[in-house]
DNA sequence: TTGCTAAACGGAGACTGTCTCCGTATGGTT
DNA sequence: AACCATACGGAGACAGTCTCCGTTTAGCAA
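Chains as they are written, first to last, in UniProt numbering: chain P, 1 to 182; chain A, 1 to 182.
Here is the structure:
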């Protein structure tokens, strides 16, 4: 990639990161291009679709997901605490941008989605937590990781759209956790 | 209301009902006006916002909600069957239009929403089912009806956005039901 | 019936966001 | 220094939202 192309690419991603955080995923792409100091053509050449741009913005976020799962797994406490700790972190992770929960949860299991690699990372991280609980025989075995992701993602989506805070989300996560634990 | 105004109002609502069912809530309003054989100005005079139009389309749907709750309450079977029967009907009810689950669940608890009366009807219907289960001491009492609506609405939202069918939704509803029952 | 007027109509067009095309500019190489 | 593949960027086509205002009409009163 040519040096000027690389520079513009980075500028666009940085502008997009700000914009998504402050105005949500449905903000104007032309405005992001303007913020980045490039023409709309340049933005669309680098990122054919909005999802491709979202995918790029999420690049660094992925590392954070792994770390978070690691941290949760070192937690003391029983299976219920472990599961709830992961659920709360999961909700936080997918809610960094407005519209994020719907976007990410909707793409779960969609092989065609531009952000599928991000979903896979999330699923893998969640899978590690669920595996641990399986080993302890603490969780029912007829529910798949993707179903768990959808359950928790659904709660996060509603919370995002209704502007609920973590305290309001907690009891709903508890219901799902209690329904999953044996 | 003048006769021609009434006629156009009805035409617009009917065109919108078709359009929402076939193309989802985000379909073009100017197109709906065209389908109804009126100008865009006429549509926007009757319905200042998209939500106002959605609200009007839902008018007849409300009666259906009441009926459905009645029917579910006559069901034979244990508390778990009752709860799951209601959950499945609830998902079906709010999923008649694409985008409906997100719209309705997002408006839950929002006093300002143009469709709040519809949400109240849904909550009241769900409340009757939950009251029955309370009387039987079959359900935990620290979860409010609106939280239940959000839990099930979250699942319906994800299902709508991921194109899941009833069979895929069922196990997720079971998890929530099991988490709620004592 | 006729005439009047408040009510309603409807379409042109302003505005915003998406996305493309193509003439122009430039980084990197020989 | 010259070349050219690569990249830029903005004008503009297109689509959807929503408003303004000149025109039409329903309903009523004489």
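Beta carbons: idealized from backbone N, C-alpha and C, even for Gly. The structure displayed is predicted, hence computed values, not measured ones.
Collapsing the DSSP output to three states places residue 115/P in coil. Annotation: residue 166/P has no Cβ neighbours in chain A at a cutoff of 9 Å; minimum Cβ distance is about 14 Å. Among the residues of chain P, those whose CB is under 9 Å from the CB of residue 162/A are 105, 106, 107, 108, 109, 110, 150, following chain order. The DSSP-derived three-state label of residue 181/P is strand. Membership of residue 11/P in the alpha helix (DSSP H) is indicated by the continuous run 3-23.
Among the bridge pairs identified by DSSP, residue 139/P is matched with 181/P. Closest option to residue 102/P, judged by alpha-carbon separation, among 155/P, 22/P, 57/P: 155/P.
The beta carbon of residue 80/A sits closer than 7 Å to those of 177, 181, all from its chain and outside the five residues before and after it, given in chain order. Cβ contact annotation for residue 11/P (same chain, cutoff 8 Å, sequence separation greater than five): 36, 37, 38, in chain order. Taking residue 40/A as reference, the option from 57/A, 91/A, 21/A, 8/A with the minimal CA-CA separation is 8/A. Secondary structure note for residue 107/A: its alpha helix (DSSP H) is the uninterrupted segment 100-107. In terms of Cβ geometry, residue 95/P and residue 160/P form a close pair [threshold 7 Å]. One finds 179 in chain P with Cβ atoms closer than 7 Å to the Cβ of residue 178/A, taken in chain order. Look at the region 114-127 of chain A: it has no residue with a C-beta under 7 Å from a C-beta of chain P.
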